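To start, the structure under review is shown below, and the notes come after it.
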Amino acid sequence: MTEIKAKVTLTKKGEEAYVSVKQLMAKLKWTAAVDLDLMAFYKAKDGRVGAVFSENYSGGSMGSLNSFPFMQLSEDAGTDAMEDEDEEVLRITKLDDLAAVYICTIDFTGARQNRQTSYSNYDAYVLLIDDKNESVAVPLDSPQSGCN
9 MTEIKAKVTL TKKGEEAYVS VKQLMAKLKW TAAVDLDLMA FYKAKDGRVG
59 AVFSENYSGG SMGSLNSFPF MQLSEDAGTD AMEDEDEEVL RITKLDDLAA
109 VYICTIDFTG ARQNRQTSYS NYDAYVLLID DKNESVAVPL DSPQSGCN
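According to the numbering used here, the sequence shown holds residues 9 to 156 in order.
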């Protein structure tokens with residue numbers, strides 16, 4: 009497993025961490041030879057809802073840092089991970105208009121093949137970094153199987 013370096017690590021189901029931030033970066037990291045994807049779903053304070061996710065999915069949008077919802081996803085890292093760590097990054101530059109943001113991951117390889125798998129088979133984690141460079145890590149190690 010890749011070493012996680014964070015101020016806080018959420019290790020148990022249901023654990024929560026609250027931080028006051030102006031900007032946020034989420035990094036999905038892994039080394040297994042699978043295609044994991046990072047995405048965000050949001051609800052604005054005015055009731056608008058939407059998502060930022062890879063354009064490889066129908067209706068996908070990588071977002072923009074210069075217009076609402078002020079979040080943007082990096083390119084799809086695919087399945088290149090063999091020895092080096094792969095990474096997908098979501099940047100959020102303005103949180104003022106958002107009531108909620110849900111950061112999610114999907115195992116595109118398993119879903120595309122319609123096979124049951126679990127994140128415990130991979131060495132993946134999400135690292136949330138605020139504008140003060142403080143971080144919260146979330147290991148993706150659930151043994152629950154399904155089309156993730």
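By construction, the Cβ of each residue, glycine as well, lies at the ideal position given by its N, Cα and C atoms.
These numbers come from a predicted model, not from an experiment.
Buried or exposed (CB count within 10 angstroms, at least 16 for buried), residue i
i, result
"Ala-89", "Residue confidence is low: Ala-89 scores 46 on pLDDT, short of 50, so the model does not pin down where it sits. No coordinate-derived value is stated."
"Pro-151", "exposed"
"Gln-67", "The sequence as given places Gly at residue 67; Gln does not occur at that position. By the neighbour-count rule (16 or more Cβ atoms within 10 Å), Gly-67 is not buried but exposed."
"Tyr-110", "exposed"
"Val-146", "buried"
"Gly-118", "buried"
"Asp-43", "buried"
"Leu-136", "buried"
"Ser-62", "buried"
"Leu-73", "exposed"
"Asp-54", "exposed"
"Ala-107", "exposed"
"Ala-41", "exposed"
Terminal residues of the alpha helix (DSSP H) in which residue i lies
i, result
"Thr-117", "116-120"
Identity of the residues DSSP links to residue i by a beta bridge
i, result
"Gly-55", "DSSP lists no partner for Gly-55."
"Gly-79", "In the sequence on display, residue 79 carries Met and not Gly. Ser-72, Ile-100, per the DSSP bridge assignment."
"Tyr-110", "Phe-49"
"Thr-19", "Beta-bridge pairing links Thr-19 to no other residue."
"Asp-184", "With the chain running from 9 to 156 in the structure shown, residue 184 is simply not present."
"Val-60", "Ala-48"
Cβ-Cβ separation, residue j to residue i (assumed contact under 8 Å), whole Å
i, j, result
"Leu-36", "Glu-95", "7 Å"
"Val-144", "Leu-18", "7 Å"
Run of the beta strand (DSSP E) containing residue i, from where it starts to where it stops
i, result
"Val-144", "143-148"
"Val-42", "Note, Val-42: premise wrong, no beta strand (DSSP E); not H, not E."
"Val-134", "132-138"
(request) Inspect the CB distances between the stretch 119-133 and the stretch 97-105 and report whether three or more fall short of 8 Å. (result) No: the two stretches stay apart, fewer than three of their Cβ pairs being nearer than 8 Å.
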